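A short worksheet on the structure shown next.
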Amino acid sequence: MYHPFSVAETTKTAWTIFKKNFVTIIVYSFISFFLLSILGIITEYLISPEAFWGKMAVSFIMILIQAYTTLGLYKLIFTVIDSEYYEFEFRQVLPAFKGIVSYLVVVFFIAFLITTFHFLMVRLNDYPNIQTLLENIAAIVTLYIALRVMFFITFIVDDQSGAIESIRQSFQLTKGYFFKVLIMLGIILLFIALPAALSQYNGFGFISIAIIFTYPFVNIILAVTYRKLVYSHLDIDDDIAETN
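Take any residue in the sequence shown, count from 1 to its spot, add 5: that is its number in our numbering.
The following block contains the structure:
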């Protein structure tokens, strides 16, 4: 049976997948955060501020591990979705080197755009009205582009797409679903921002640990949204809905 894209059904399916594979996903999430935390501590406290190249080396390793764990999480999510009725091996969740390179190309390109824009805004400090206008326009454009390219990671992992191809595919996937994707993005941001905001209050610092649970869950939402949008575009049976 064909299942058109539904925000409620997508969120429900993501929660079902999260519950069924809770231990596997949380263990992976904990290990990822542990590795990144250790490297963060090394960078902050064990390497001298004057050791420029040492900090650069550790920072580069952190970026690689972050890329590896992010793509690995999506690989794990797609594996548990596709392997619901049979066992899967550990090697199946290891991201490909090509995927890591494609992911880093997109991330560094986005970082370059943000840095360039920030540099231009600094040059306009003497023109606050123009600066404010450009920042407001940039915020709207950024939100729109974020909505259209938010599935580039899923294409890199699930379709083995390259950097440029994954962005193009994400634009095509979100065509005609702008407002529904906007709602899904709002849900994702809520699960990330709410624990972060609450942890800032005295006595609620422990809530920050919730990121270990919310981070994988929002990525499951993103992966399920991607799959359901693919099925909607192809006008075929929704396997995720049928099996979950």
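Beta carbons: idealized from backbone N, C-alpha and C, even for Gly.
Since the structure is predicted, the reported quantities are computational estimates derived from the model, not experimental observations.
Could you confirm whether any beta carbon from chain C is found closer than 8 Å to the beta carbon of Ile46? Checking the listed chains, one finds no chain C in this structure; it contains a single protein chain.
Measure the alpha-carbon distance for Lys25 versus Leu44 and round it to whole angstroms. Stepping through the sequence shown from its first residue, residue 25 is reached at position 20. Stepping through the sequence shown from its first residue, residue 44 is reached at position 39. Linking Lys25 to Leu44 through their CA atoms gives a straight-line distance of about 31 Å.
What residue range does the alpha helix (DSSP H) around Ala143 cover? Counted from its first residue, the sequence shown places residue 143 at position 138. Counting along the chain, the alpha helix (DSSP H) containing Ala143 begins and ends at Pro133 to Val154.
Opening and closing residue of the alpha helix (DSSP H) in which Ile3 lies: Because the chain spans 6 through 249 in this model, residue 3 falls outside it and cannot be assessed.
C-beta atoms of Leu187 and Leu152 nearer than 8 Å: If you number the sequence shown from 1, residue 187 lands on position 182. If you number the sequence shown from 1, residue 152 lands on position 147. Yes, they are a contact pair.
Straight-line gap, Tyr220 to Ser11 (C-alpha atoms, nearest Å): Your numbering for residue 220 matches position 215 in the sequence shown. Your numbering for residue 11 matches position 6 in the sequence shown. Their backbone Cα atoms lie some 22 Å apart in a straight line.
The alpha helix (DSSP H) enclosing Phe160, as first and last residue numbers: For the purposes of this step, residue 160 is taken as the residue at position 155 of the sequence shown. Phe160: member of the alpha helix (DSSP H) spanning Phe157 to Asp163, first to last residue.
For Asn134 and Arg232, what's the separation of their Cα atoms in angstroms? In the sequence shown, counting from the first residue as 1, residue 134 sits at position 129. In the sequence shown, counting from the first residue as 1, residue 232 sits at position 227. Computed Cα separation, rounded: 43 Å.
Who are the near neighbours of Tyr7 in its chain, counting only those whose CB is closer than 6 Å to its CB and skipping five residues on each side? Position 2 of the sequence shown, counting from 1, holds the residue named residue 7. Caution applies to Tyr7, whose pLDDT of 48 falls short of 50 and renders its modelled position unreliable; the model cannot decide the point.
Quick one: what does DSSP say Phe10 is sitting in, helix, strand or coil? As a working note, residue 10 is residue 5 in the sequence shown. Collapsing the DSSP output to three states places Phe10 in coil.
Assigned exposure category for Thr121 - 16 Cβ within 10 Å defines buried: One-based indexing of the sequence shown puts residue 121 at position 116. By the 10 Å Cβ count, Thr121 comes out exposed.
Within 10 Å of its beta-carbon, does Asp131 have 16 or more other beta-carbons around it, so buried, or fewer, so exposed? For the purposes of this step, residue 131 is taken as residue 126 along the sequence shown, with counting starting at 1. So Asp131 counts as exposed.
Any chance you could list the alpha helix (DSSP H) runs of at least 4 consecutive residues sitting entirely within the stretch 57–88, in chain order? Counting only runs of 4+ residues, the alpha helix (DSSP H) found wholly inside the stretch 57–88 occupies 57–87, in chain order.
Can you give the Cα-Cα distance for Gln174 and Ser204, rounded to whole angstroms? For the purposes of this step, residue 174 is taken as residue 169 along the sequence shown, with counting starting at 1. For the purposes of this step, residue 204 is taken as residue 199 along the sequence shown, with counting starting at 1. In this structure, the alpha-carbon of Gln174 lies about 37 Å from that of Ser204.
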